[in-house]
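**Q**
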Amino acid sequence: MRKTRRTARAGVVAAAMALLTPLAACGGDEGGTPTINLYYAPEQNLQKVVDDCNAEAAGRYRISYQVLPRGADDQRVQMVRRLAAEDDGMDVLGLDITWTQEFASADWILEWTGDNKAQAEQGTLAGPLASAEYEDKLYAAPKNTNVQLLWYRTDLVQQPPTTWDQMIQQALELKGQGKPYQVITMGAQYEGLVVLYNTIVASAGGHILDDDGTEAVFDQGAVRGLEILQKFASAGVTSPSFTNSIEDDARLQFQGGNAAFELNWPFVYPAMQEGAPDLAAKVKWARYPGVDASTPSKVTIGGYNLAVSRYSKHPEEAFDAALCLRDAEHQKFSAINDGVPPTIESVYSDPEMAKAYPMKDTILEELRDPANRPLSPAYQNISTVMSATLSPPASISPEQTAKELRGSIQDALESKGVLP
Amino acid sequence: MSAPTTAAAKHRAEEKPLSKAEKARLSEGKRAERRLGWLLCAPAAIVMLGVAGYPILYSVWLSLQRYDLKFPDDREFVGLSNYVTVLSNQYWWTAFGVTMLITVVTVVVELVLGMALAVIMHRTLVGRGIVRTAALIPYGIVTVVAAFSWRYAWTPGTGYLANLFSDSAPLTERASSLAIIMLAEIWKTTPFMALLLMAGLALVPEDLLKAAAMDGATAWQRFTKVMLPVMKPAILVALLFRTLDAFRVFDNIYVLTAGANETSSVSMLAYNNLIKGLNLGIGSTMSVLIFLTVAIIAFVFVKLFGTAAPGSSDEGRR
C-alpha cells in the first residue's frame, strides 16, 4: 500500500515535470540568442531552409519552425485569434497572399521600410509584390508564388487554344468524334472557383473592385466573365463532377483519360509522371486561355508572403530571418524540393531549375503579366460570398448575378454583410 | 453541464420525502435562514456574474457597433442596425430553420429512445453496472471524435455506411446531410436523456406500481397512467435541458459538413461571422439573438409547462 502510494506520487511529480519542461524551454530566450518563431504552413523541406538560415545567422537569432495546420482556413484562424489577443509568441508569419491586406489593415503586421524593404523588393516579380502591399506600403516579403497553366493532350489537340471559346469549340469537336474531350478544372464552391472566375474577369479586362479596393464595381468585363463561366459550365464539356471538384480531384479526373484539357497548378505534372506516365508523355502545356484572341490571358496568382507580427519581441531579427528564408538561394531550394515557384525572377534562369520545371518559361510568361485577386482587407468575406453566389456556375444569369454580387460585396466591404 | 444536472436531479429525488418535515421546523427561523442562504450563495453568484454576466453584457454592447477587426479605424456606434441586417438576411433564417428542425426532431426522438433506455437501465436485475456503462458510452465519447467517425463512415471509399446504402456521397446533399447530422446527435445524446429520465423513474414509488398491478392495470397502463404523471417534472427538466442544448448544435455540423449545402446552424453562422469574418458587430448580434431564443425557450418551458428549474422555489417544484 505504502509503496504504491509513493510510486503514484513519483508519477505525479514526473507528469508535472513533463508538463512544465516545455514551458521552461519557451521562456529560455531572455539571455542569449533570441528565438524567432516562424508560423508557416506545412512544407516538407522548409526545416532545411530554417537550419540553413540559423547557421548563417551565427548566433544572432535562432528560427524555430512552428508548423501550422494543413487547411488554409485553420492556418488563418489560428493566427488571427492569437494576433487579436496580442500574442507575442509569434514573430514571422506565413500568410497566404490574400490575407496580407487584412492583416495589414487590422494593424497586426509591421510595415517593411528602408533596407529591409529594398531587399524584399529587389528582383521580385511585380505581381507577387503587389499582393504584399496595402495602401502603397509594403507589409510582407513574397516567399513563393504560383500560377495555373493549360495542360493538353498532344495526341488529341494539334494547336492549343488561346481563348475560352476556342477551347470549348475544340472540346465539342472532339466530343463529336467520340474522342476524349473533357475540359477539367476546379468548380466546387470554394476558393478555387473564385480563382477561376477572377482569371476570366482579368483576362476580359474587367474589374470586381475599383482600384482602391473600396467599391464593388462589377463592370462590363466582370459581366463578360460571368457569361463565359456560365457558357463553359453548361456547354457539356466539363466532367460530371465539375461542381464538386477541388485541385486533386481535377488532377485525378484528367489522369483518368477522358479529358483533353486541364486547367490546374503545376503540381499536376510531376504527379502525372508518377501516377500515369504513359499519359504524361502525351501531355504538354500552354498559356492559360484568354477571352479575346488579341489579348493574352491574365492568370490569377497564388503563393505565400512572409510578414512580421506587430507583437514580436524581436522585430529586427524577425525581418532578417524572413529575408533569409526567402532569398534567391532558398527560393531555388524550395522550388526544386517542395514545388513552390519562386518570386524572384532571376531564379528562373538558374540551370538547376530547368530539370524540375520544364514548363518554367510558360510560368514566367504568365507571371510577368498576372492578375491578383481583389486586394482588400475584406477579401475573405468577398471570396466566401462570391463562391456561394457563383456556385453552381451553370445557373449563373450574368446581369442578375452581377447585380447580386455588387450588392453583397459592397456590404462585405462595409462590414454589413452576413457570411453564409 | 451534464454532471451538475444529474446530480441536481438525483438530489431532488432523494430530498423530497424529507422536505415536508423540514419545512415545519424551519418556518420560524426562515428570515435568518434566508439571509444565510444568500450569504452562502454570494460567492457563486459573484463568480457567475463575472464569467457569464460580463460576457453577455459585452456582446450586447458589441452588437450595437460596427466593429470589424479588419477595419479597426471604422469602429462606431450603429444602434440596432446590425439587428436589422441579420434579421433581414436569408442566410440567418435558413440557419434558423435548420436549427429548429434539428432541435425538434432530435429532442423528440431522444425522448422516446431515452425513455426506453431509462426503463431498461432501471429494470435490469443482472449486470446492472455493465448495462448502464454500455448505454452511457456514446455520451462519454468526445463529440468531435464521434463526428469524425461518422464522417468517415459516410464518405465513399473510406466508409462502410456510405457503401452500404448507395454509391453516392450522402454528405454532399442537403437532405441526407441533415439526416446524418441528426442521427449523430441522437446517437450521442440519447444516453444523457436516459440518465435524466432514470432519475425521474426513481421517483416512482414501487408500492404505487404494485397497487396498480393489483387493480388490474396492464403494463402499458401502468406506464402511461402511473409512471408518466409521476415523472412529469423530470421529463420536463430533461426536455428543457436537451432543447437548450440541441439549439446550440455546433460540433457535429462543423465536422460533418462545415455548413455546406445550407446545413449551417445558427451557432455555425455566428462562428463564421465572428471568427472567420472577424466581424465582431454582426457576430455578436447573432450571439445575442441565439441567447434570446434560448431564453425564450427556457421561459416557455418554465412558465407555460411549469418546468421547475433545479434550485427554483418549492411551489414550482411540486
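Heads up: the protein sequence lines correspond to chains C and B, in order.
According to my numbering, the first sequence is numbered sequentially starting from 1083.
According to my numbering, the second sequence is numbered sequentially starting from 103.
Heads up, the beta-carbon is just placed ideally off N, CA and C, and yes, glycines get one too.
Which complete alpha helix (DSSP H) runs does the region 180 to 255 of chain B hold, if anything under 4 residues is left out?
**A** The qualifying runs are 183 to 189, 192 to 225, 230 to 242, 245 to 255.
**Q** Does the beta-carbon of B:GLU417 have 16 or more other beta-carbons within 10 angstroms, so that it is buried, or is it exposed?
**A** The predicted model places B:GLU417 with a pLDDT of 44, which falls under 50 and marks its position as unreliable; any figure quoted below should be read in that light. B:GLU417 comes out exposed.
**Q** Quick check: what's the CA-CA separation for C:ILE1191 versus C:GLU1168?
**A** 11 Å
**Q** How long is the line joining the alpha carbons of C:GLU1481 and C:ARG1333, rounded to whole angstroms?
**A** Rounded to whole angstroms, C:GLU1481 to C:ARG1333 spans 32 Å at the Cα level.
**Q** Hey, is the region 1461 to 1477 of chain C in contact with the region 1272 to 1292 of chain C, meaning 3+ C-beta pairs nearer than 8 Å?
**A** yes
**Q** Work out the CA separation of B:LEU305 and B:GLU117 for me, nearest whole Å.
**A** Unreliable placement is indicated for B:GLU117, whose pLDDT of 47 sits below 50; the coordinate value is still reported in the next sentence. Approximately 11 Å between the Cα atoms of the pair.
**Q** When we look at the beta-carbon of B:THR290 and count the other beta-carbons within 10 Å, is it buried (16 or more) or exposed?
**A** What sits at residue 290 of chain B in the sequence shown is Lys, not Thr. Burial call: buried.
**Q** Using a Cβ-Cβ cutoff of less than 7 Å, which residues in the same chain neighbour C:LEU1211 once the five nearest sequence positions on both sides are dropped?
**A** GLU1203, PRO1224
**Q** Quick one: is B:LEU394 buried, meaning 16 or more other Cβ sit within 10 Å of its Cβ, or exposed?
**A** exposed
**Q** Have a look at B:MET370, B:GLU364, B:ARG350 and flag the residue whose alpha-carbon is nearest the alpha-carbon of B:TYR356.
**A** The option with the nearest alpha carbon to B:TYR356 is B:MET370.
**Q** Indicate whether B:LEU298 and B:ALA340 have their beta-carbon atoms separated by less than 8 Å.
**A** If you check the CB distance, B:LEU298 and B:ALA340 come in under 8 Å.
**Q** Pull up the distance between the alpha-carbon of B:LEU273 and that of B:LYS327, whole angstroms please.
**A** One C-alpha to the other measures close to 43 Å.
**Q** Should C:GLY1385 and C:SER1285 be called a contact, given that it needs their Cβ atoms to be closer than 8 Å?
**A** no
**Q** To the nearest whole angstrom, what separates the beta carbons of B:VAL246 and B:ASP347, a pair I think is in contact under 8 Å?
**A** Incorrect: roughly 16 Å between the Cβ atoms, too far for contact.
**Q** Taking the alpha carbon of B:TYR169 as the point to measure from, which residue in B:VAL404, B:ILE384, B:SER389 has its own alpha carbon closest?
**A** B:ILE384
**Q** For a cutoff of 8 Å on Cβ pairs, would you count B:THR257 as touching chain C?
**A** Taking Cβ atoms only, chain C never reaches closer than 8 Å to B:THR257, which makes this a no.
**Q** Hey, B:MET388 and B:ALA372: beta-carbon distance below 8 Å or not?
**A** yes
**Q** My output table needs one value for C:GLU1255: the three-state DSSP class, helix, strand or coil.
**A** helix
**Q** Suppose the cutoff is 7 Å on Cβ atoms and the five residues either side in sequence are ignored; what does the same chain contact list for C:GLN1337 look like?
**A** MET1354, GLY1357, ALA1358, LEU1361
**Q** Roughly how many angstroms separate the alpha carbons of C:ASP1493 and B:MET300, rounded to a whole number?
**A** Distance between the alpha carbons of C:ASP1493 and B:MET300 is about 51 Å.
**Q** Okay, do the region 172 to 181 of chain B and the region 315 to 330 of chain B touch, 3+ Cβ pairs below 8 Å being the bar?
**A** no
**Q** For B:TRP289, which beta-bridge partners are listed by DSSP?
**A** Answer is none; B:TRP289 lacks a bridge partner.
**Q** Do the region 1374 to 1392 of chain C and the region 1451 to 1461 of chain C touch if we need at least three Cβ pairs shorter than 8 Å?
**A** Yes: the two stretches touch, three or more of their Cβ pairs being nearer than 8 Å.
**Q** How long is the line joining the alpha carbons of B:VAL188 and C:ILE1328, rounded to whole angstroms?
**A** 31 Å
**Q** Taking C:PRO1322 as the query, report the chain B residues whose CB atoms sit under 8 Å from its CB, ordered along the chain.
**A** None at all; the shortest Cβ gap to chain B is about 12 Å.
**Q** Rank B:ASN184, B:PRO174, B:VAL149, B:CYS143 by C-alpha distance to the C-alpha of B:TRP163 and give the top, closest one.
**A** B:ASN184
**Q** Interface residues of chain C around B:TYR193 at Cβ under 7 Å?
**A** VAL1500, PRO1502
**Q** Flag C:ASN1127 as yes if its beta-carbon sits less than 8 Å from any beta-carbon of chain B, otherwise no.
**A** So, not an interface residue.
**Q** Is the beta carbon of C:PHE1300 sitting closer than 8 Å to the one on C:ILE1290?
**A** It is a contact, given that the beta carbons lie within the stated cut-off.
**Q** For a contact meaning CB atoms closer than 9 Å, what does C:GLN1462 contact in chain B?
**A** LYS172, LYS378, GLY379, LEU380
**Q** How many angstroms separate the CA atom of C:ASP1293 from the CA atom of C:ALA1186?
**A** 18 Å
**Q** Fully enclosed by the region 1426 to 1477 of chain C, which alpha helix (DSSP H) runs are 4 residues long or longer?
**A** 1433 to 1438, 1442 to 1449, 1461 to 1472
**Q** At which residues does the beta strand (DSSP E) containing C:TRP1181 begin and terminate?
**A** Per DSSP, C:TRP1181 belongs to no beta strand (DSSP E) and is neither H nor E.
**Q** If you follow the alpha helix (DSSP H) that C:ILE1310 is in, where does it begin and where does it stop?
**A** 1302 to 1316
**Q** Using a Cβ-Cβ distance under 8 Å, would C:SER1477 count as near chain B?
**A** no
**Q** Is it a yes or a no for the region 1250 to 1270 of chain C touching the region 1386 to 1399 of chain C, going by three-plus beta-carbon pairs under 8 Å?
**A** no
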